[in-house]
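Notes follow the structure.
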Amino acid sequence: MEKVAFIINPFSAKKNYQPFLNELKNKVQNPLYYISESIVGTDDFIQTHFDEVDFFVAIGGDGTISTVAKQLINTEKVLAIFPAGSGNGFSNETQFSKNLDELLNKLKAKKSRKIDTFTVNDRLSINVSGTGFDGKVVKEFEKTSRGFKNYIKVSLKTFFNYKPIKLKFFNENYKQYNGKYLMVNIANTRQFGNNAYIAPMASKSDGLVDMVLVKKFPLTYSPLFAFRMFTKKLKEDDYITYLPVSEIEFKVNTKNWHLDGEYNKIKSPIHVKVQPSSLNILI
Numbered sequence: 330m331e332k333v334a335f336i337i338n339p340f341s342a343k344k345n346y347q348p349f350l351n352e353l354k355n356k357v358q359n360p361l362y363y364i365s366e367s368i369v370g371t372d373d374f375i376q377t378h379f380d381e382v383d384f385f386v387a388i389g390g391d392g393t394i395s396t397v398a399k400q401l402i403n404t405e406k407v408l409a410i411f412p413a414g415s416g417n418g419f420s421n422e423t424q425f426s427k428n429l430d431e432l433l434n435k436l437k438a439k440k441s442r443k444i445d446t447f448t449v450n451d452r453l454s455i456n457v458s459g460t461g462f463d464g465k466v467v468k469e470f471e472k473t474s475r476g477f478k479n480y481i482k483v484s485l486k487t488f489f490n491y492k493p494i495k496l497k498f499f500n501e502n503y504k505q506y507n508g509k510y511l512m513v514n515i516a517n518t519r520q521f522g523n524n525a526y527i528a529p530m531a532s533k534s535d536g537l538v539d540m541v542l543v544k545k546f547p548l549t550y551s552p553l554f555a556f557r558m559f560t561k562k563l564k565e566d567d568y569i570t571y572l573p574v575s576e577i578e579f580k581v582n583t584k585n586w587h588l589d590g591e592y593n594k595i596k597s598p599i600h601v602k603v604q605p606s607s608l609n610i611l612i
């Protein structure tokens, strides 16, 4: 299969990528692939093969996908995905499954479309990024062996001890929303991953992101919050506010962020900006 490169994160899928690689070699003659050793290594591989490759396939989770996507922004190169992460939020939202035959058929059809991305202080995000409670959860989650069960355990443990963050907007039009929040999310798509829909109305092709402000809620509200999140029914109420924006500036009293599920330290002030139709993705 010419003009296609496969980039494998060996630390995704519980570090068991060999079955995928074996299946790929059985179905594609002499595939061009790279087993990533680092972000720098991935960047170098993409740049080395950039002119000869039209489709770059990321095999991993949202962090891996974002690393590959960063090199393809505002080009005609096409991103494709084989989901192998713990949450797979972005691949769920872009209809990629763990079926290699399906992926290969899509690659043969060569159809693609442009979608939005956004930046947080010039750092790329393609799915959902945030600070506050979920930024802290991701920081603690990365100390575990990952997996959905560990995510729930870390979330519960963090929830009881977490003090809300302080948020302050610079734009007068948003100052009514200044205050304390459990978490602040920036959603380009609808879900974190694992079918947890934090922004059910978000669209990855409308030139906007949904800024989701969540106040700390009592334990009695937790079952309703969880039910709504996993059934795509979260909506504005006493604890949740949605602000569709194309660009926004604010500050928060924490440096703990996650960008597409990967922990980052980011200092305030924060500048979020949508990059419309900036990423070409296989459909």
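Using the working numbering, the letters of the sequence shown map in sequence onto residues 330 to 612.
All C-beta atoms, glycine included, are put in the ideal place defined by N, C-alpha and C.
Since this is a predicted model, take the numbers as computed values, not measurements.
Which residue marks the beginning of the beta strand (DSSP E) containing residue i, and which one marks its end?
{"i": "valine 357", "result": "Looking at the DSSP string, valine 357 is not in any beta strand (DSSP E), and its letter there is neither H nor E."}
{"i": "serine 458", "result": "457-461"}
{"i": "threonine 446", "result": "441-449"}
{"i": "glycine 659", "result": "Outside the displayed span of the chain (330 to 612) sits residue 659, for which this structure offers no information."}
{"i": "isoleucine 368", "result": "Here isoleucine 368 belongs to no beta strand (DSSP E); instead the alpha helix (DSSP H) covers 368-378."}
{"i": "lysine 497", "result": "494-498"}
{"i": "asparagine 582", "result": "No beta strand (DSSP E) holds asparagine 582; DSSP gives it neither H nor E."}
{"i": "phenylalanine 335", "result": "333-337"}
May I ask you to report which of helix, strand or coil DSSP gives residue i?
{"i": "methionine 558", "result": "helix"}
{"i": "glutamate 576", "result": "strand"}
{"i": "glutamine 604", "result": "strand"}
{"i": "threonine 487", "result": "helix"}
{"i": "leucine 563", "result": "coil"}
{"i": "threonine 518", "result": "coil"}
{"i": "phenylalanine 470", "result": "helix"}
{"i": "lysine 504", "result": "helix"}
{"i": "serine 365", "result": "coil"}
{"i": "tyrosine 571", "result": "strand"}
{"i": "phenylalanine 546", "result": "coil"}
{"i": "tyrosine 592", "result": "strand"}
Taking residue i as the reference, which of the options has the closest Cα?
{"i": "valine 449", "options": "Asn609, Val397 and Tyr592", "result": "Tyr592"}
{"i": "arginine 557", "options": "Met530, Lys580 and Leu537", "result": "Met530"}
{"i": "lysine 437", "options": "Val333, Ile402, Pro339 and Gln358", "result": "Val333"}
{"i": "alanine 398", "options": "Ser484, Glu366, Ser454 and Val538", "result": "Ser454"}
{"i": "glutamate 381", "options": "Ser367, Leu361, Glu431 and Lys468", "result": "Leu361"}
{"i": "isoleucine 410", "options": "Phe385, Asn345 and Gln400", "result": "Phe385"}
{"i": "proline 493", "options": "Asn582, Asn351, Val601 and Phe335", "result": "Asn582"}
{"i": "asparagine 514", "options": "His378, Ile394, Phe425 and Val601", "result": "Val601"}
{"i": "serine 534", "options": "Tyr526, Val466, Pro348 and Pro573", "result": "Pro573"}
{"i": "threonine 446", "options": "Ile595, Ile599, Val538 and Phe546", "result": "Val538"}
Locate the alpha helix (DSSP H) running through residue i, then write down its first and last residues.
{"i": "alanine 528", "result": "That residue, alanine 528, is in no alpha helix (DSSP H); it is neither H nor E in DSSP."}
{"i": "glycine 536", "result": "Glycine 536 -> no alpha helix (DSSP H), and no H or E assigned at all."}
Can you find a CB in chain B that lies within less than 8 Å of the CB of residue i?
{"i": "isoleucine 599", "result": "Protein chains in the displayed structure number just one, and chain B is not present."}
Would you list, in sequence order, the uninterrupted alpha helix (DSSP H) runs of no fewer than 4 residues that lie entirely inside the region 388-430? 391-399 and 418-422
Closer than 8 Å is the cut-off here; do at least three beta carbon pairs connect the region 571-590 with the region 453-463? yes
So does the region 518-532 actually touch the region 418-429, counting three or more Cβ pairs closer than 8 Å? yes
Between the region 598-610 and the region 484-492, can you find at least three pairs of beta-carbon atoms closer than 8 Å? no
How do the region 376-391 and the region 549-566 stand: do at least 3 beta-carbon pairs fall below 8 Å, yes or no? no
Using 8 Å as the threshold, is the region 500-509 in touch with the region 355-371, meaning 3 or more CB pairs across them? no
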